[in-house]
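To start, the structure itself, in structure tokens.
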């Protein structure tokens with residue numbers, strides 16, 4: 296999959312205008328009509344003031360906790376997935392050996408594993424990171440493997456005729472696949488964001504998920520909205536960074 | 049010394065024969081092209097030579113060493129068509145990939161190589177940013193940087209426009225003249241093969257076989273104007289007929305119609321069909337607005353099978369085969385008489401067999417199921433004998449002469465062009481020729497439903513044949529000059545062989561007489 300970076304700011308206009316319109320609509324309905332009970336949908340002003348009061352409180356800690364969890368688990372997944380995917384793409388034996396396990400785990404929904412991880416690892420950080428790791432690692436292995444398998448056979452013919460050593464050949468293979476792998480990391484990261492909230496909703500003392508759960512307990516709907524918007528914004532920013540850096544890292548994809 | 053020697057290579061994929069009995073060699077410093085229609089197995093052949101595929105049978109030698117030994121520490125540089133460069137590396141890095149194991153000053157070498165192909169200003173760019181021509185120049189530069197003695201190109205210039213393509217060909221020749229590397233060039237472009245190579249290996253299709261190995265008589269350095277040379281064009285035309293036939297055949301065997309509206313005539317490879325080729329060359333089919341595909345077959349059984357399964361509409365066979373086919377498929381009918389052989393086939397022997405009755409018990413080489421078998425059958429019949437009185441050895445045309453010369457058979461039925469050669473090389477006696485028995489005629493046959501639906505077209509076809517044979521009797525020289533390259537003979541050879549052929553005007557009167565004459569023998 297390739298990313299098409301937007302070249303002009305003009306491309307952003309439809310999004311900006313529509314967001315402003317929706318905000319306006321939201322403001323109008325909640326402040327001037329009373330059509331919807333504020334318990335269900337507080338006005339944007341309420342949400343903003345909640346956000347401000349939260350920032351003076353524990354919001355920064357929550358955001359930091361969530362982002363750290365995702366980052367650690369995600370990096371671990373990639374570090375572990377890379378050699379395994381390479382091994383699978385190189386050897387039919389390993390592929391046949393590992394694929395059934397990967398497919399099996401891949402179909403187990405992460406929340407199902409929460410009781411077991413708590414039993415094994417308690418409710419500390421390890422448990423959360425392990426859950427996130429399980430949620431993303433198996434997906435990433437498969438995606439990486441397919442990216443590596445998609446390196447054109449012609450490249451290997453070329454490598455052979457250039458008398459590459461095994462090391463040179465593997466390096467070429469990784470280099471040829473890395474842009475696709477990077478793009479797949481972006482997609483997998485999205486998965487991590489949803490798992491982290493699930494994990495934090497169930498068992499956590501910090502994090503955005505925990506904050507949302509607390510807000511729900513005290514019927515602070517506006518805080519729930521702050522949490523939701525925050526997740527969206529964090530996801531959006533991480534995706535944006537991936538896209539921007541993609542063009543930087545892989546100029547030949549232009 | 050031969051740089052590459054390919055001996056009797058066979059290769060199949062999933063029980064499908066791809067290469068059959070391929071042999072040829074490339075001498076040191078030569079440019080040799082492998083030319084053939086798409087799907088004839090040329091890329092597979094090249095991959096076998098490069099070591100990327102393993103042939104099922106046969107041997108390959110590189111620089112007089114067994115290929116597998118040679119490949120232990122050496123390689124043939126390779127310029128593929130697609131993915132000719134690593135797209136994730138810059139121009140500079142791509143060249144560097146070929147210099148990894150080199151001890152020279154790499155930066156200097158990169159500059160020098162890139163300069164030689166005119167890419168020195170683009171070092172930091174990526175291949176994907178360049179035009180197709182520049183990308184191929186980069187691939188060429190990388191192959192040169194590898195500093196091997198042999199470079200192989202696989203349809204490398206396919207994607208380029210004609211101008212760029214010509215420029216690349218000239219660049220290749222230029223760089224070749226500097227280093228005199230051995231070059232193996234796989235292409236389906238006839239002009240490209242002709243322009244570059246000293247020799248062209250022409251491949252046939254399904255399975256891939258070597259149809260012909262052609263020496264290209266132009267000296268190096270070659271100028272771009274060579275493409276307009278008359279001799280060059282002549283060879284190009286000859287090759288294009290072969291390639292065209294092979295292309296159509298490969299499409300037919302896949303079951304697709306080669307060209308829907310045109311009707312397809314399956315022909316023998318022999319000078320007796322010259323009037324058709326002359327007609328095509330002079331545009332007579334266009335004049336009569338009769339779209340037609342002339343397909344020459346070297347495998348006559350395949351030709352008949354295609355006709356039986358309606359892949360070709362009209363079939364060129366000898367009268368005896370025609371009678372046999374009519375017996376097998378009653379809806380078949382002779383639609384035209386083409387020609388009769390007056391000496392093009394002969395029964396020859398090492399010792400003098402006189403009278404013919406003395407042939408009893410002798411070993412005779414011939415091609416079974418073909419006109420040569422019928423020829424012998426007929427001669428024996430006329431002399432009160434039959435096939436069971438002799439010992440038949442089934443061989444291919446090119447093997448028969450050799451068998452006769454080395455004495456493994458006593459006699460043989462041979463036909464042109466091998467007949468002249470066998471007589472030239474050994475002291476053989478001609479016992480009888482087709483001149484003594486004027487029954488070996490060529491006809492066109494078709495199925496009844498086709499004939500009923502195409503009366504107009506068949507009439508036109510006969511008219512064209514007649515007009516073309518008229519041209520022959522009026523101006524033999526012009527006729528021979530046009531046809532010789534198409535049938536792959538020199539003008540002299542063709543004119544000698546045409547002496548032994550009498551053309552009919554297309555009518556079937558003579559054929560009816562001959563049919564009556566040979567009916568008993570066929571049965």
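Chains as they are written, first to last, in this note's numbering: chain A, 296 to 549; chain B, 49 to 571. Backbone N, C-alpha and C define an ideal beta-carbon position, used for all residues, glycine too.
Could you tell me which residues DSSP pairs with residue i in its beta bridges?
i                      : result
residue 55 of chain B  : B:107
residue 260 of chain B : B:250
residue 364 of chain B : B:492
residue 347 of chain B : BP columns for residue 347 of chain B are empty, so no partner.
residue 80 of chain B  : B:232, B:247
residue 395 of chain B : B:461, B:480
residue 387 of chain B : B:490, B:551
residue 125 of chain B : B:199
Kindly list, in the order they appear in chain A, the residues whose Cβ is closer than 9 Å to that of residue i.
i                      : result
residue 328 of chain B : Result: empty, since nearest Cβ-Cβ is about 39 Å, beyond 9 Å.
residue 289 of chain B : Going along chain A, no residue has its Cβ under 9 Å from residue 289 of chain B, so there is no contact; the nearest lies around 33 Å.
So with CB distances below 7 Å, who are the chain B contacts of residue i?
i                      : result
residue 479 of chain A : Result: empty, since nearest Cβ-Cβ is about 16 Å, beyond 7 Å.
residue 456 of chain A : 98, 123, 124, 125, 126
residue 547 of chain A : 135, 136, 174, 176
residue 463 of chain A : 148
Let's test the definition: count the other Cβ atoms within 10 Å of the Cβ of residue i and tell me whether it reaches 16, buried, or not, exposed.
i                      : result
residue 417 of chain A : exposed
residue 492 of chain A : buried
residue 127 of chain B : buried
residue 272 of chain B : exposed
residue 297 of chain A : At residue 297 of chain A the pLDDT is 46, less than 50, meaning the model places this residue with poor confidence; the figure from the coordinates comes in the next sentence. Exposed.
residue 133 of chain B : buried
residue 542 of chain B : buried
residue 305 of chain A : exposed
residue 379 of chain B : exposed
residue 407 of chain A : exposed
residue 324 of chain B : buried
residue 533 of chain B : buried
residue 90 of chain B  : buried
residue 295 of chain B : buried
residue 329 of chain A : exposed
residue 163 of chain B : exposed
residue 499 of chain A : buried
residue 289 of chain A : As shown, chain A starts at 296 and ends at 549. That puts residue 289 of chain A outside it, with no answer to give.
residue 309 of chain B : exposed
residue 436 of chain A : buried
residue 557 of chain B : exposed
residue 383 of chain B : buried
residue 404 of chain A : exposed
Hey, how far is the Cα of residue i from the Cα of residue j?
i                      : j                      : result
residue 300 of chain A : residue 538 of chain A : Interpretation of residue 300 of chain A is limited by its pLDDT of 48, a score under 50 that renders its predicted location unreliable; the figure taken from the coordinates is listed afterwards. Rounded to whole angstroms, residue 300 of chain A to residue 538 of chain A spans 7 Å at the Cα level.
residue 341 of chain B : residue 313 of chain B : 6 Å
residue 547 of chain A : residue 456 of chain A : 24 Å
residue 339 of chain B : residue 513 of chain B : 15 Å
residue 450 of chain B : residue 441 of chain B : 13 Å
residue 56 of chain B  : residue 71 of chain B  : 5 Å
residue 526 of chain A : residue 488 of chain A : 8 Å
residue 139 of chain B : residue 244 of chain B : 27 Å
residue 521 of chain A : residue 346 of chain A : 6 Å
residue 223 of chain B : residue 211 of chain B : 18 Å
residue 428 of chain B : residue 403 of chain B : 12 Å
residue 142 of chain B : residue 195 of chain B : 14 Å
residue 315 of chain B : residue 352 of chain B : 10 Å
residue 393 of chain B : residue 419 of chain B : 9 Å
residue 373 of chain B : residue 395 of chain B : 25 Å
residue 525 of chain B : residue 544 of chain B : 12 Å
residue 470 of chain B : residue 547 of chain B : 19 Å
residue 568 of chain B : residue 388 of chain B : 19 Å
I want to verify the contact list: residues of chain A whose CB lies under 8 Å from the CB of residue i, in sequence order.
i                      : result
residue 134 of chain B : 450, 453, 467, 470, 471
What does residue i touch in chain A if you count any residue whose Cβ is under 7 Å from its own?
i                      : result
residue 194 of chain B : 457
residue 145 of chain B : 457
residue 120 of chain B : Within 7 Å Cβ-Cβ: nothing; residue 120 of chain B doesn't reach chain A, min ~10 Å.
In chain B, what lies closer than 8 Å to residue i by C-beta?
i                      : result
residue 447 of chain A : 130, 131
Original post:
What are the complete alpha helix (DSSP H) segments, minimum 4 residues, inside the segment 161-235 of chain B?
Top reply: 180-193, 210-227
- [ ] Taking only runs that begin and end inside the segment 517-561 of chain B, name each unbroken alpha helix (DSSP H) of 4 or more residues, in chain order.
- [x] 524-535, 539-547
Exercise for review: Within the segment 419-486 of chain A, note down every full alpha helix (DSSP H) run reaching 4 residues or more, in order along the chain.
Suggested key: 420-444, 448-456
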